[in-house]
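Please read the structure below before turning to the comments.
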Amino acid sequence: MSSKPLSFPIPFEVQAPTCPVITDKSVLDAIGNTPLIRIHNIGKEYKNVDIYAKAEWKNAGGSVKSRPALKMIEDGEKSGKLTKDKIILDSTSGNTGISYALIGKVKGYKVKLVMPANVCKERKGLMADFYGAEIVTSSPFEGSDGAIIMAREIYEKDPDKYFMPDQYNNDSNWQAHYETTAQEIWKQTNNRVTHFLAGIGTGGTVMGTSRGLRDLNPDIKCYAVEPAESLHGLEGLKHMESSIVPGIYKEEELDGKISVPTEESYDMVETLEKQEGILVGHSSAGALVGALKLAATIESGVIVTVFPDSCERCYVNFGQFKKYYENESTHKIPKAD
Ligand SMILES: Cc1ncc(COP(=O)(O)O)c(C=O)c1O
Numbered sequence: 024m025s026s027k028p029l030s031f032p033i034p035f036e037v038q039a040p041t042c043p044v045i046t047d048k049s050v051l052d053a054i055g056n057t058p059l060i061r062i063h064n065i066g067k068e069y070k071n072v073d074i075y076a077k078a079e080w081k082n083a084g085g086s087v088k089s090r091p092a093l094k095m096i097e098d099g100e101k102s103g104k105l106t107k108d109k110i111i112l113d114s115t116s117g118n119t120g121i122s123y124a125l126i127g128k129v130k131g132y133k134v135k136l137v138m139p140a141n142v143c144k145e146r147k148g149l150m151a152d153f154y155g156a157e158i159v160t161s162s163p164f165e166g167s168d169g170a171i172i173m174a175r176e177i178y179e180k181d182p183d184k185y186f187m188p189d190q191y192n193n194d195s196n197w198q199a200h201y202e203t204t205a206q207e208i209w210k211q212t213n214n215r216v217t218h219f220l221a222g223i224g225t226g227g228t229v230m231g232t233s234r235g236l237r238d239l240n241p242d243i244k245c246y247a248v249e250p251a252e253s254l255h256g257l258e259g260l261k262h263m264e265s266s267i268v269p270g271i272y273k274e275e276e277l278d279g280k281i282s283v284p285t286e287e288s289y290d291m292v293e294t295l296e297k298q299e300g301i302l303v304g305h306s307s308a309g310a311l312v313g314a315l316k317l318a319a320t321i322e323s324g325v326i327v328t329v330f331p332d333s334c335e336r337c338y339v340n341f342g343q344f345k346k347y348y349e350n351e352s353t354h355k356i357p358k359a360d
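Residues in the sequence shown are numbered consecutively from 24, following my numbering.
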């Protein structure tokens, strides 16, 4: 074997295929192509139904929202509306903000984000401290609607200063899922997917993926997952009857809506951890609660849903896994050697 050292970055041809070094590519290339995970234990009573979930926390930026954030920004560049002197401004419940902040940092744009004051501090910290975005907070009592209204007010005062993607009304949002998420699910299930469901925030995931899948097979049934309560604890999701309905959300195109209670979804975070070894956020757990409700109504099928983010972002604030830090002196957490 030659003792000549390899130059750095290591050329792609000689990298181990399972562990590529991506230093000479952009981190933004690690958006999309997420794994599809089979849920093995939960719901196994539905013998002829397989349930799968897209592991969206694997995207650079850590959530499903990196897909639409990238497309909205790149379509803004292509249209000429986003130029280097503009600040990217939008309202967000957290995940889109993290993605905007990451993409802004990589591409060299300033980013300003409006979010409700009660969005968990882990998300705000990621945006502000790691990626340098400016954060403006709206009333914690007005939820995502308060943030939408405040972002519009900031934009209208000085429209030349900002590029506002407006994720709730931007077609590039759902198109990102039409072009990527739907295609991936189709290939990863070997064209076997029969049912699709996803939580509604802006509606981008559920609308774009449903349209993409139905263009591939019109028989695929598609559903939105919605919090059962107007005052709920599923960060990232919207209760439509009591909210400003996003312009890109077209409920009439879907086969139905599945309601998921906050309490049941919180419990499912722990069930997923214990029974599947999967650590995800509340909206992912809500999506699985919805998938199980759907599984109970069908004789057979391949159900696919989306797990938007991992649990590390917020679980401390919401009291999940409290047992590990509440009384540290009496709890025996295994220590690394
Ligand atoms: C945690 C989480 N789940 C689900 C969603 C919903 O995704 P979409 O906006 O595509 O409807 C979001 C959106 O921000 C989110 O942050």
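Glycine residues also receive a C-beta, built at the ideal position from the N, C-alpha and C atoms.
Remark: the C-beta of Asn-193 is outside contact range of ligand 1, defined as less than 7 Å to any heavy atom. A straight-line Cα-Cα distance of about 13 Å links Asp-73 and Lys-316. DSSP lists Asp-73 as the bridge partner or partners of Val-325. Relative to ligand 1, Asn-240 has its C-beta separated by 7 Å or more from all heavy atoms. Three or more pairs of CB atoms, one per stretch, sit closer than 8 Å, so the segment 118-128 contacts the segment 143-150. Assignment of Thr-160 by DSSP, reduced to helix, strand and coil, places it in the strand class. Here Ser-195 has Lys-94, Met-95 and Asp-98 as same chain residues with Cβ atoms under 6 Å from its own Cβ, once five neighbours each way along the sequence are excluded.
Remark: the C-beta of Asp-332 is in contact range of ligand 1, defined as less than 7 Å to any heavy atom. Membership of Gly-120 in any beta strand (DSSP E) is not indicated; the residue belongs instead to the alpha helix (DSSP H) covering 118-130. When rounded, the separation of the alpha-carbon atoms in Leu-302 and Glu-100 is 36 Å.
Fully enclosed alpha helix (DSSP H) runs of no fewer than 4 residues occupy 227-239 and 285-299 of the segment 226-302, in order along the chain. With fewer than 16 neighbouring CB atoms inside 10 Å of its own CB, Thr-106 falls in the exposed class. Leu-112 has its Cβ no nearer than 7 Å to any heavy atom of ligand 1. For Ser-102, the number of other beta carbons within 10 angstroms of its own is below 16, and it is reported as exposed. In the three-state DSSP reduction, Met-173 falls in the helix class (H, G or I). In the DSSP annotation of this structure, Met-150 is not part of any alpha helix (DSSP H), being labelled neither H nor E.
As the crow flies, the alpha-carbon of Gly-131 is around 25 Å from that of Glu-176. Close CB contacts of Arg-237 within its chain, under the 6 Å cut and outside five residues either way in sequence, are with Ile-243 (chain order). Boundaries cannot be given for Asp-189, as no alpha helix (DSSP H) includes it and DSSP labels it neither H nor E. Thr-204 and Asn-213 have their alpha carbons spaced roughly 14 Å apart. Distances from the CB of Thr-212 to the heavy atoms of ligand 1 are all 7 Å or more. Judged by DSSP in its simplified three-state form, Val-87 adopts coil rather than helix or strand. At a threshold of 7 Å, Lys-88 counts as near ligand 1, since its beta carbon sits closer than that to one of the ligand's heavy atoms. A buried status is given to Ile-271, since no fewer than 16 other beta-carbon atoms sit within 10 Å of its beta-carbon. If you draw a straight line from the Cα of Glu-264 to the Cα of Ser-253, it is about 8 Å long. For Leu-51, the three-state secondary structure derived from DSSP is helix.
Spanning the alpha carbons of Thr-57 and Leu-112 requires a straight line of approximately 27 Å. Asp-98 carries a helical assignment under DSSP once its states are collapsed to helix, strand and coil. At the C-beta level, Ile-60 and Gly-84 stay beyond 8 Å of one another.
Judged by their CB atoms, Ser-306 and Glu-258 are nearer to each other than the 8 Å cut-off. When rounded, the separation of the alpha-carbon atoms in Ser-167 and Asp-183 is 24 Å. Comparing alpha carbon positions, the residue from Ser-161, Ser-282, Glu-296 and Glu-157 closest to Gly-313 is Ser-282.
DSSP places Asp-194 in the uninterrupted alpha helix (DSSP H) bounded by 194-199.
Leu-112: member of the beta strand (DSSP E) spanning 110-114, first to last residue. Separation of the CB atoms of Thr-328 and Leu-311 is rounded to 7 Å, and the pair is thereby assigned contact status at 8 Å.
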